[in-house]
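The listed protein sequences correspond, in order, to chains C and D.
Under UniProt numbering, think of the first position of the first sequence as 1, with each following residue one higher.
Under UniProt numbering, think of the first position of the second sequence as 1, with each following residue one higher.
Just so it is clear, CB atoms sit at the ideal spot from N, CA and C, and this is done for glycine as well.
These numbers were taken from a predicted model, which means no experiment stands behind them.
Have a look at the structure below, then the notes.
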Amino acid sequence: MENQITDYKSIPGWGMDADPDNEPTYPMKNYTGDDHNRINYERSVQQPVTVEILKSNERPTVSAVFGTSVPPSGLSGAIRRWAFKHSEDRYRHWLPLILADRINVYEGIIDDIKKGHFPNILAERGFKATLKHNPKKIIRQVITGVVAVMVIKSMFKSNK
Amino acid sequence: MLAMNYRGPYRVRAQQRPMPEIQHPEDAIVRVTRTCICGSDLHLYHGMVPDTRVGQTFGHEFVGIVEEVGPLVTNVKVGDHVLVPFNIACGKCNFCKQGLYGNCHESNPMATAVGGIFGYSHTAGGFDGGQAEYVRVPYANVGPTVIPADMDPDDAVMLTDVVPTGYQAAEMGGIKEGDTVVIFGAGPIGIMAARCAWFFGPSRVIVIDHIDYRLEFAKNYAKCEVYNFKSLEDPVVFLKKTTDWYGADVCIDCVGCEAEGNTLQTLTGRVGLLQAGAGTALQWAINSVKKGGIVSIVGVYGPPFNLIPIGNVLNKGITIRANQASVKRLLPRLIEHVQSGRLKPSELITHRIPLEEVADAYNIFSSKLDNCIKTVLIPSSK
C-alpha cells in the first residue's frame with residue numbers, strides 16, 4: 001500500500017477519455033461508483049457462528065449470513081480444514097475438497113450403519129425409475145457383469 | 001420434516017430432518033409447495049462440484065408459503081405465497097446495490113468466487129435447499145417475492161431460476177435486430193434462452209444438442225432451428241457454413257461442465273477431473289462466433305480451471321459476458337412476460353413427482369428417461 005499513488009488526479013490527462021456509457025456489464029449492472037467504496041457499506045447484523053464455518057482466506061470475516069448445513073467432521077473434515085488454508089486460486093484448495101467429498105461418502109455409509117440404517121444404495125440411485133423407463137439398461141448391465149465375471153474366472157483358471 | 005438428502009455421487013434419498021430455524025433476524029421459514037430439480041443440481045448429483053457434503057439438502061428453485069419470519073423482516077408476512085430467487089442476496093453490499101444480486105458479498109463465507117445459493121454445496125455457502133417440506137430463507141426482505149394472485153404456481157417456480165437464467169443468457173448476448181444467435185444445449189435453460197432470444201429481435205435462433213427429443217421440444221417451444229451435433233461432422237464448420245462462412249453474431253453456452261462431443265475435454269474434464277468439467281460447449285461457442293462477436297455463458301462450471309481457446313478470444317476480439325442470473329433485477333419484466341401470456345414456462349414441466357420419490361426423480365432427470373425436460377418435486381403434505 002505504501003506504493004499507492006494518492007494524487008493520481010494530477011496526472012496529465014487523468015479521466016479525459018472516460019466514457020460512462022462504456023459499461024460492458026450493462027444492463028446486468030447499474031453502475032453507481034459504489035465499487036470504489038470497497039467493503040465500506042452498511043452490513044446486516046452478523047448471524048451468530050454456532051457451528052464450525054470454514055472461511056475462504058480471500059475475505060477478512062465470515063459473511064453476515066451463511067449456511068450451517070453440514071459442519072466439517074471426521075477425516076473429510078480434517079482434509080477440508082487443510083484445504084481452506086489455501087486460497088481459491090490454488091489446486092491445493094479444490095482437489096483436497098473433492099477428495100474429502102469422496103471420503104465423506106464412505107463416512108456417510110458408516111454413519112448410517114452406526115445409526116442402524118443400512119443404506120439401500122439401489123433405491124438411492126433411483127433403480128425403480130431405470131427399471132420402469134429403461135429396463136434394457138439393466139439387462140445390458142447384468143449381461144456385462146456376467147461376462148466380466150466369466151472372463152475373470154477363465155483368466156484365473158488359465159493362470160493355474 | 002421430509003427433505004432430500006445427498007449421500008454421494010448418484011445417490012440421494014428422502015429422509016426426516018430437523019425443522020429449519022430462524023438463525024438471523026432477517027430470516028424467514030418457508031413451507032415449500034413446489035420445488036424443481038435444476039440441470040445444475042445434476043452437477044452436484046454427479047459429484048462435480050467441490051465441497052458437496054454428504055447430508056446436505058439440494059434445491060434452489062422453489063415456491064411456498066411463509067411460515068415464520070425473523071424480527072427484522074418487513075417485506076413478507078406469514079401466509080404470503082412467495083417465489084424465492086435462487087441467489088441469496090443481502091441487498092446492501094455494493095454488488096447488490098448495483099443489481100448484481102447473484103454476486104452478493106454477504107451470503108457466502110466459503111468462497112469469494114460465488115455468492116450464496118440455496119442447496120448448492122458449501123462452495124456456495126453451505127445452505128440447505130428447498131427440496132424439502134420447509135426451508136430457511138435468509139435476507140427475506142430482499143429475495144422472496146409475493147406471487148401475483150393470478151399466476152400459476154408452476155409458472156412461478158420457473159421464475160426462480162429457469163426463466164431469469166435463460167433470459168439473462170440472451171440479454172448478455174447483446175442481441176441486435178437481425179442477428180444470428182446460436183445456443184448450445186437444449187436443456188430447460190437452453191430452451192428458455194432460445195425462447196427469450198426472440199425478445200431481442202434476432203433473425204435466426206439455432207439450438208445445438210445431441211438429444212433428439214429435447215431438440216424436438218426446443219423446436220416446438222422456442223420456434224427455433226435445431227441441429228444434433230452427432231449428425232454433423234464438425235459443428236463449428238457447420239455453423240460457419242450456415243452463417244455464410246462468417247460466424248454467428250452471438251453464441252450462448254447453456255451446457256456447462258458436463259458437455260459431450262469432444263473426447264479430450266470429456267477425458268480431462270469429466271473423467272479425470274483435471275479441469276473444472278468439460279469445456280466443449282464453450283470451446284465451440286468461442287470458435288463459432290464471428291470476429292468481434294459476443295459469447296454469453298450461463299452454463300455452470302466448477303471453480304478451478306478449464307481448457308478453452310483463450311487465444312482465439314483475443315485474436316477474434318470476442319466479448320465474453322457471463323454471470324449467475326440476477327433474478328431479483330429481472331423479475332418485474334419477466335412477471336410481465338408471463339402474465340401477458342408471451343411466456344408460458346410451466347410448459348417445460350414434464351414430470352411431477354412426490355418428494356418421497358426424489359431418488360427416482362433425480363435418476364429420471366439425470367438419465368434423461370421418459371423424455372424428461374423438467375422435473376418438479378411436490379412435498380406430500382401439500
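What residue range does the alpha helix (DSSP H) around residue i cover?
i: Asp112 of chain C; result: 91 to 114
i: Ser40 of chain D; result: 39 to 45
i: Tyr8 of chain C; result: Here Tyr8 of chain C belongs to no alpha helix (DSSP H), and DSSP marks it neither H nor E.
i: Thr165 of chain D; result: 162 to 172
i: Ser366 of chain D; result: 358 to 366
i: Val149 of chain C; result: 135 to 159
i: Val45 of chain C; result: Run containing Val45 of chain C: none; DSSP gives neither H nor E here.
i: Trp82 of chain C; result: 74 to 83
i: Val237 of chain D; result: 235 to 242
i: Met158 of chain D; result: 153 to 158
i: Phe217 of chain D; result: 212 to 222
i: Cys96 of chain D; result: 94 to 97
Would residue i be called buried (16 or more neighbouring beta carbons within 10 Å of its own) or exposed?
i: Trp245 of chain D; result: exposed
i: Val78 of chain D; result: exposed
i: Asp155 of chain D; result: buried
i: Gly77 of chain C; result: buried
i: Glu357 of chain D; result: buried
i: Pro50 of chain D; result: buried
i: Thr165 of chain D; result: buried
i: Leu131 of chain C; result: exposed
i: Gln56 of chain D; result: buried
i: Lys290 of chain D; result: buried
i: Met16 of chain C; result: exposed
i: Ala18 of chain C; result: exposed
i: Met172 of chain D; result: buried
i: His122 of chain D; result: buried
i: Arg125 of chain C; result: buried
i: Arg90 of chain C; result: exposed
Rounded to the nearest angstrom, how far is the Cβ of residue i from that of residue j, given a contact under 8 Å?
i: Gly115 of chain D; j: Ala89 of chain D; result: 7 Å
i: Ala14 of chain D; j: Leu355 of chain D; result: 6 Å
i: Gly130 of chain D; j: His210 of chain D; result: In fact, because the Cβ distance is near 30 Å, the residues do not count as touching under 8 Å.
i: Tyr167 of chain D; j: Leu330 of chain D; result: 6 Å
i: Val84 of chain D; j: Gly143 of chain D; result: 6 Å
i: Asn323 of chain D; j: Gly102 of chain D; result: 6 Å
i: Lys374 of chain D; j: Pro153 of chain D; result: About 14 Å; that fails the 8 Å criterion.
i: Val207 of chain D; j: Ala248 of chain D; result: Between Ala248 of chain D and Val207 of chain D the Cβ distance is about 12 Å, and since that is not below 8 Å, they are no contact.
i: Leu303 of chain D; j: Trp94 of chain C; result: The sequence given here has Pro at residue 303 of chain D, not Leu. Contact holds; Cβ gap of about 6 Å.
i: Val135 of chain D; j: Val69 of chain D; result: Val135 of chain D to Val69 of chain D, Cβ: 14 Å. No contact.
i: Met28 of chain C; j: Leu159 of chain D; result: The Cβ separation is near 18 Å, so there is no contact.
i: Ile117 of chain D; j: Ala193 of chain D; result: Not confirmed; about 19 Å, so no contact.
i: Val338 of chain D; j: Met48 of chain D; result: With a Cβ gap of about 31 Å, Val338 of chain D and Met48 of chain D do not count as contacting.
i: Ala186 of chain D; j: Arg214 of chain D; result: 4 Å
Give a yes or no on whether the minimum CB-CB distance between residue i and chain D is below 8 Å.
i: Gln47 of chain C; result: yes
i: Lys55 of chain C; result: yes
i: Lys29 of chain C; result: yes
i: Thr144 of chain C; result: no
i: Lys128 of chain C; result: yes
i: Pro20 of chain C; result: no
i: Trp94 of chain C; result: yes
i: Ile121 of chain C; result: yes
i: Tyr8 of chain C; result: no
Can you tell me which residues form a DSSP beta bridge with residue i?
i: Gln16 of chain D; result: D:Leu2
i: Val146 of chain D; result: D:Val82
i: Arg31 of chain D; result: D:Ile65, D:Tyr134
i: His351 of chain D; result: D:Thr375
i: Glu52 of chain C; result: DSSP, once it has assigned bridges, lists no residue as partnering Glu52 of chain C.
i: Asp253 of chain D; result: D:Phe184, D:Ile297
i: Gly8 of chain D; result: D:Arg11
i: Cys36 of chain D; result: D:Glu61, D:Val376
i: Glu258 of chain D; result: D:Ala278
i: Gly116 of chain D; result: D:Ile88
i: Ala248 of chain D; result: D:Val289
I'd like to know if residue i contacts chain C, where contact means its C-beta is closer than 8 Å to some C-beta of that chain.
i: Lys382 of chain D; result: Reliability fails at Lys382 of chain D, whose pLDDT of 46 lies under 50, so the model's placement of it is uncertain and the value that follows must be treated cautiously. So no, Lys382 of chain D is outside the interface.
i: Met1 of chain D; result: no
i: Met4 of chain D; result: no
i: Phe200 of chain D; result: no
i: Asn75 of chain D; result: no
i: residue 467 of chain D; result: Given that chain D is displayed from residue 1 to residue 382, the structure contains no residue 467 of chain D and the question cannot be resolved.
i: Val54 of chain D; result: yes
i: Ala111 of chain D; result: yes
i: Gln98 of chain D; result: yes
Starting from residue i, follow the beta strand (DSSP E) in both directions and report where the run begins and ends.
i: Asn228 of chain D; result: 225 to 228
i: Thr319 of chain D; result: 319 to 322
i: Ile208 of chain D; result: 204 to 209
How about residue i: is its Cβ closer than 7 Å to a heavy atom in the ligand GDP?
i: Met155 of chain C; result: As far as ligands go, the structure on display features none, and thus does not contain the ligand GDP.
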